[in-house]
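Protein chains in written order, with full-length UniProt numbering: chain H, 1 to 109; chain X, 1 to 109.
There are 2 protein chains.
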Amino acid sequence: MGLIKTEKFTDSQNQIALFAKALGHPARVAIIQHLFKINACVCGDLVEEIGLAQPTISQHLKELKNLGLIQGTIEGTSVCYCIHKDNWSAMKDLLNSFFDNDLNSNSCC
Amino acid sequence: MGLIKTEKFTDSQNQIALFAKALGHPARVAIIQHLFKINACVCGDLVEEIGLAQPTISQHLKELKNLGLIQGTIEGTSVCYCIHKDNWSAMKDLLNSFFDNDLNSNSCC
DNA sequence: TTTGTATATCGCAATATTACGATTAATATT
DNA sequence: AATATTAATCGTAATATTGCGATATACAAA
Numbered sequence: 001m002g003l004i005k006t007e008k009f010t011d012s013q014n015q016i017a018l019f020a021k022a023l024g025h026p027a028r029v030a031i032i033q034h035l036f037k038i039n040a041c042v043c044g045d046l047v048e049e050i051g052l053a054q055p056t057i058s059q060h061l062k063e064l065k066n067l068g069l070i071q072g073t074i075e076g077t078s079v080c081y082c083i084h085k086d087n088w089s090a091m092k093d094l095l096n097s098f099f100d101n102d103l104n105s106n107s108c109c
Numbered sequence: 001m002g003l004i005k006t007e008k009f010t011d012s013q014n015q016i017a018l019f020a021k022a023l024g025h026p027a028r029v030a031i032i033q034h035l036f037k038i039n040a041c042v043c044g045d046l047v048e049e050i051g052l053a054q055p056t057i058s059q060h061l062k063e064l065k066n067l068g069l070i071q072g073t074i075e076g077t078s079v080c081y082c083i084h085k086d087n088w089s090a091m092k093d094l095l096n097s098f099f100d101n102d103l104n105s106n107s108c109c
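Below you can see the structure in the form of structure tokens.
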């Protein structure tokens, strides 16, 4: 085992989980926060900024990029990363619709 | 390795990641959605509802409970689970403040 | 063309997660 | 008391994640 049984769930549930999982590591949270903070492309500062080794950061960036949450464009020898605003928005909407299920507030328990 | 270096990150970043990670599995998403849907306590239907084995569901419930997102009260032989509304709200606020970093929209890349 | 700089990939070790059968614990019912 | 019901825990196998050293790649500068 150790393998998620995605076929038991809806596409929406799997999508929500995929996005949430991507944000489920503090390094990736820190990367996103830094990209928002400088509000521009980042060409390489991330390794110093975060404090993990370069291959580790590269791997986290790849994961965020695969999900479409960030994008990177090659700029000479370095790569400029920034938030993919449209996809970030879509992710936000999906998660918010999940968060805001609480219509009625029946008391229970 | 295989161990997250939490000491490299702020408490806030670690908190955000912990919540996101908890929502990073479709079974836990499905559990939460079902709790919202019936908007009341659930006493045991979850195993049939989700379609995973009982120990697996129990484990996912434990994880959500440890983080405070749900609560369970014993009701005879069964246990009634429901969303912990206050903690759910707090989680929502924390994640939304992370999502809504996008003040200025400088073009880049 | 050689050297330097920046990033990605490979390979691996350590740890974590997922899933479930078997069992236990705790309360209800008969 | 004996039995049934419900949920938690234990133990374990399979897979995933995290992190990084070593290396490769790709372009720039000298």
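Built from N, CA and C at the ideal position, the CB exists for glycine as well.
**Report entry** CA nearest to the CA of K8/H, picked from K5/X, I32/X, E49/X, L69/X
**Finding:** E49/X
Query raised in the report: When burial is assigned at 16 or more other CB atoms within 10 Å of the CB, is G2/H buried or exposed?
Result: exposed
Requested in this report: Output the distance between the C-alpha atoms of N90/X and V47/X, rounded to the nearest integer angstrom.
Outcome: Inspection of the sequence shows that residue 90/X is occupied by Ala rather than by Asn. One C-alpha to the other measures close to 28 Å.
Requested in this report: Within 10 angstroms of the Cβ of I74/H, are there 16 or more other Cβ atoms? Answer buried if so, exposed if not.
Outcome: exposed
**Report entry** Beta-carbon neighbours of I57/H, restricted to chain X and to distances below 8 Å
**Finding:** Per Cβ cutoff of 8 Å: no residues; I57/H is ~11 Å from chain X at best.
Query raised in the report: So, does the CB of Q54/H fall closer than 9 Å to a CB anywhere in chain X?
Result: no
**Report entry** Spatial distance of H34/X from G76/H (CA atoms)
**Finding:** 50 Å
Query raised in the report: Would a check of beta-carbon distances place V47/X closer than 9 Å to chain H?
Result: no
Report task. Identify which residue in A53/H, S78/H, K85/H, L52/H has its Cα closest to the Cα of L67/H. Result -> K85/H
**Report entry** Cross-chain neighbours of A20/X in chain H, by beta carbon under 7 Å
**Finding:** A20, L23, G24
Query raised in the report: If you draw a straight line from the alpha carbon of G24/X to that of S78/H, how long is it in whole angstroms?
Result: 32 Å
**Report entry** Rounded C-alpha distance that separates D100/H from P26/H
**Finding:** 24 Å
Requested in this report: Thinking L64/H and I57/H are a contact (beta carbons under 8 Å), I'd like their distance in whole angstroms, please.
Outcome: Contact flag wrong, Cβ pair sits at about 11 Å.
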